[in-house]
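Read through the structure below, which is laid out as structure tokens, and then see the notes.
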Amino acid sequence: MCPSLTPATAVGRSVPRREGADKVTGRARYTDDLVIPGAWYGKTVRSTVPAGRIRSITLDPAFEWSQVVMVTAGDIPGENVVHLIRDDQPVLARAGGEIRHREEPILLLAAADRATLDEAARHIRIEYERAEPVFELSEATEVYASLEISKGEVVERLEGVEVVERSFRVGLQEQLYIEPQGFIAIPESNGAIRVIGSLQCPFYVHRALKRALKLTDAQAIVVQAETGGGFGGKEEYPSMVAIHAALLARKAGRPVRLIYDRHEDLAATTKRHPGVIKHRTTVKKDGTLLSQDIEIVLDGGGYCTLTPVVLSRAAIHAAGAYSCPNVRIRARAVATNTPPNGAFRGFGAPQSLFAAELMVEHVAERLGMSSLDLRRKWMLRLGDTTATGQKLTESVGSDLVLDAALSAAPPIRPSAHPPIRRGRGLSLVFHGSGFTGSGEKKLQGTIGFEALADGTFRILTASTEIGQGTKTIFCQIAADALGVGIDKVVLAPQDTSLVPDSGPTVASRTAMIVGRLVQEAATDVQARLQRGEKAPIRLQKSYIQPDSLHWDETNYRGDAYPIYAWACTIADVDVDMNTGEVRVTDLVTAVDCGKAIHPVMAEGQIEGGSLQAVGWATIEEIKMKDGGYQNDRLATYLIPTALDAPRIRTILVENPYSHGPSGAKGIGELPMDGPAPAIIAAIHDATGVWLDEVPATPEKVLAACASR
Amino acid sequence: MRFTLNGRTATFEGSGARRLLDVLREDLGATGTKEGCGEGECGACSVIIDGEVVDSCLVAVGQVEGCNVTTVEGLADGGRLTALQQAFIDYGAAQCGICTPGMLLAAHVLLQHTAQPSADDVREGLAGNLCRCTGYTKIIDAVLACTK
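Residue numbers (this note's numbering), protein chains in the order written: chain A, 1423 to 2130; chain B, 3 to 150.
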């Protein structure tokens, strides 16, 4: 065949998004867009105290209760737990049971119309026996998880050695997907229940549903509707919503829609873990890094959710992208009486990397060195070992991203208006792609792949499209492995009754881990076709961990991640010295992504993640009052608008990883890590003051400047 | 009551106090209009009423009697995408897509009012529409591409 007639490769090209036309015409169907005849509306009645016990639930006899269906803990056919790690979170508070946070679900209602539903809720009185709540980390006694990472021996005070100590604070953050949480549950024959919803992880919901409703594998059917953003917020919480909807549908004997409004979503669902991170770094006067002693305390809130795994990722990233011979990282996550905190893009790493990056600045200041020089001196390079003792043997992008970002940064223009001061800050981060430690090995994510008789191919995975491009990149990868046009490849729907469990859509693992399985499966199918086998062919492919990876979970030693992606971010800020307002005016970020399967989508991940980080660093503040969020509406919880957002310039650096599809590494979470410390460093550059916390709200900036 | 929805007469019987958003979605099948917050902060429910972008969650349906209402379903002409819709696909301006209908309508009106907007004009014009996926950069690029 003439080479010019072979199909153009799809990987590396920004082909149109698979579901793009549906999304720009309004045809895409999100959960609440689905018309289900005969469906009732559901509602969750929640606790109004942060800690205590339910004393009594009284139904007003003046209300006609036959109009509604009510579900309490007694109606749960299986176990009253939302299955996850610790199984401590009840589906509904037990009669006389403990309340551990505000907005804890107590009972469920369904009715034919919303007015009746709201009226019913107004006729329920719940009385509590209040207990003393715990909100301060220093007062918390219950520990969800703790771990220690140790490398060498921490260096104590010595002659000629500088010791720098700082404490950092990071705040809560809401994922704020624009589509709130929601599910529709539909009872089917043979005791089966179909739930259709907005979610990231179909099989998390599947397992939780089976356990709470005592269903078989086949009776629990979980289907993803088009999903309007996730960012981790739809990793574990959808299990709760789906169980609630299913319980109502089962009791009502009809479909039930349980769609949260924004207020309920903000008030009740998980947030990014806030915490305190303390560093004690010892260096020689020439800048040689001797040791890092780090203590992390994260606030898990009222139930455990995914907190132990978040803590693990936080700890593993806590030493930053640097090579240090002696490291001690002690990390723990504690229980308080706020709504539970959970998964959010970055998963603990943004918190610990914030502290690590600012620590470079503080040490540089103490030594009178440039922090850039210090980074170049300290940063991990090929052959170096991380805090867990992982030797980096390939695709280490530290130098590449640092150089790329520096050469792309625009010249700094001085401010023309005296109350506005300009500053610039830089950060260097890395982020482990895929599950931590043995996670991928234990999970053994599995996909299906089919060659169909009509000459097309079908990919079967549980990996969800939540805006990041799963549907498109899987088809690109498969098309190239098969040597066919991308239009010949289709995806099976994300429906647990049709697809195998390729694992949750989290942890920057979809493109790299599941994408690689797609590539291997397509290659195998192509080989079988070439050997003369006829379609239909169907095969499955499961993850096999590369032999080179070793992880000791007990001692937190070894290869914590299959590979790391790297990023250098340069942020320019304007600080208004009169109002304390911080405006990020320019953001340059260079990212070592291994290989950009779809450059536009890769940039889109980085730009979107970067702006979420800008929000976390500047304006996204949650104010607490008696264990609840005071600003639990979109009018008061602010996220960046197009006017607040800087122009974000992304430089994709391709530094292939041998086990990634075409060399790709996971980058979904990485952009959340770098901007916050770069912005705080830029504020220091502009004003001369250090804020060792985020968000840097105008109040905090003014207070810091005043106390200088 | 009657109004024009995407060039056709729409009739609605019921309380004029209902939100236009709900009537569009539940009675008229125009589910391209999304609810993100229900209090006029996010712009996911943006529609065009007589040439202006309005949050349909803040409008009682009785207020649009006799008006010309355009939703995202009314942008493409007989299945042919507008230049703006095509640019949203080409430039990666739609990720999860939930803000996209409102964003497209806001951008559409902006381009009708300002033929050659600057990047800052676009930011200003889209400031009432929140997006959590893109960081806005690619949305702004897509809109600017339609002015060339």
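Glycine included, every Cβ here is placed at the ideal spot set by N, Cα and C.
None of these values were measured; they are calculated from a predicted model.
With DSSP collapsed to three states, give me the class of residue i.
i                 : result
Arg1679 (chain A) : strand
Asn1405 (chain A) : As shown, chain A starts at 1423 and ends at 2130. That puts residue 1405 (chain A) outside it, with no answer to give.
Cys1424 (chain A) : Residue placement at Cys1424 (chain A) is flagged as unreliable, the pLDDT there being 40, under the threshold of 50; a coordinate-derived value is accordingly withheld.
Cys59 (chain B)   : helix
Gln2052 (chain A) : coil
Glu1717 (chain A) : strand
Ser48 (chain B)   : strand
Ala1875 (chain A) : coil
Gly1496 (chain A) : helix
Gly1722 (chain A) : strand
Pro2097 (chain A) : helix
Ile1528 (chain A) : strand
Trp1800 (chain A) : helix
Gln1948 (chain A) : helix
Phe1653 (chain A) : coil
Trp1487 (chain A) : helix
Tyr2079 (chain A) : coil
Thr1480 (chain A) : strand
Val1911 (chain A) : strand
Phe1625 (chain A) : helix
Lys1700 (chain A) : strand
Glu1955 (chain A) : coil
His1853 (chain A) : strand
Given a cut-off of 8 Å on the beta-carbon distance, is the pair residue i and residue j in contact?
i                 : j                 : result
Asp1392 (chain A) : Pro1772 (chain A) : A question about residue 1392 (chain A) goes unanswered here, because the residues of chain A that appear run from 1423 up to 2130.
Gly1980 (chain A) : Trp1973 (chain A) : yes
Pro1841 (chain A) : Asp1998 (chain A) : yes
Ala1741 (chain A) : Val1749 (chain A) : yes
Gly2049 (chain A) : Pro1555 (chain A) : yes
Lys1673 (chain A) : Glu1596 (chain A) : no
Glu2029 (chain A) : Thr136 (chain B)  : yes
Leu1539 (chain A) : Leu1514 (chain A) : no
Ala1690 (chain A) : Glu1525 (chain A) : yes
Cys47 (chain B)   : Thr35 (chain B)   : yes
Tyr1550 (chain A) : Arg1439 (chain A) : no
Thr2011 (chain A) : Thr2072 (chain A) : yes
Glu67 (chain B)   : Arg4 (chain B)    : yes
Lys1956 (chain A) : Phe1871 (chain A) : no
Arg1735 (chain A) : Ser1568 (chain A) : no
Ala1942 (chain A) : Gly1593 (chain A) : For the record, residue 1942 (chain A) in the displayed sequence is Glu; it is not Ala. Taking 8 Å as the Cβ cut-off, Glu1942 (chain A) and Gly1593 (chain A) do not qualify as a contacting pair.
Asp1454 (chain A) : His1545 (chain A) : no
Leu1814 (chain A) : Gly1805 (chain A) : yes
In angstroms, rounded to a whole number, what distance separates the CA positions of residue i and residue j?
i                 : j                 : result
Ala2118 (chain A) : Glu1520 (chain A) : 36 Å
Leu1971 (chain A) : Asp143 (chain B)  : 42 Å
Cys44 (chain B)   : Gly1723 (chain A) : 28 Å
Arg1752 (chain A) : Gln1714 (chain A) : 11 Å
Val1786 (chain A) : Val1921 (chain A) : Residue identity check: residue 1786 (chain A) is Ala in the sequence provided, not Val. Approximately 52 Å between the Cα atoms of the pair.
Tyr2051 (chain A) : Asp1687 (chain A) : 11 Å
Gly18 (chain B)   : Lys1445 (chain A) : 30 Å
Arg1880 (chain A) : Ser1855 (chain A) : 26 Å
Val1627 (chain A) : Arg10 (chain B)   : 42 Å
Ile2102 (chain A) : Leu1848 (chain A) : 9 Å
Ser1745 (chain A) : Glu37 (chain B)   : 48 Å
Leu128 (chain B)  : Gly2031 (chain A) : 19 Å
Val1947 (chain A) : Arg1633 (chain A) : 36 Å
Ala2064 (chain A) : Ile1479 (chain A) : 46 Å
Thr13 (chain B)   : Ile50 (chain B)   : 18 Å
Gly2017 (chain A) : Lys1863 (chain A) : For the record, residue 2017 (chain A) in the displayed sequence is Lys; it is not Gly. Each residue's Cα considered, the two are about 23 Å apart.
Gln1916 (chain A) : Arg1629 (chain A) : 15 Å
Measure the beta-carbon distance from residue i to residue j and round it to whole angstroms, keeping in mind my assumption that it falls under 8 Å.
i                 : j                 : result
Asp1994 (chain A) : Ala2098 (chain A) : Not really, about 15 Å apart at Cβ, beyond 8 Å.
Val1576 (chain A) : Thr1894 (chain A) : Not quite, the Cβ-Cβ distance comes to about 47 Å (not below 8 Å), so this is no contact.
Ile141 (chain B)  : Ala95 (chain B)   : 4 Å
Glu41 (chain B)   : Ala2057 (chain A) : 6 Å
Does the ligand ZN have even one heavy atom less than 7 Å from the beta-carbon of residue i?
i                 : result
Ile2044 (chain A) : Judged by which ligands are present, the structure shown has none, so any question about the ligand ZN falls away.
Name the chain D residues that come within less than 7 Å of residue i, Cβ to Cβ?
i                 : result
Leu1598 (chain A) : Of the protein chains in the structure, A and B, none is chain D.
Report the residue ranges of all alpha helix (DSSP H) runs contained in full by the segment 1734–1797 of chain A; include only those spanning at least 4 residues, in chain order.
-> Entirely contained in the segment 1734–1797 of chain A, the alpha helix (DSSP H) runs reaching 4 residues are, in chain order, 1771–1789.
Contained alpha helix (DSSP H) runs [length at least 4] in the segment 1975–2063 of chain A, N- to C-terminal order | 2021–2040
Whole beta strand (DSSP E) runs in the segment 1862–1909 of chain A with 3 or more residues, listed along the chain?
-> 1868–1873, 1879–1882
Please list the segments of the alpha helix (DSSP H) lying wholly inside the segment 69–131 of chain B, counting only runs of 4 or more residues, in order along the chain.
-> 85–92, 102–115, 121–127
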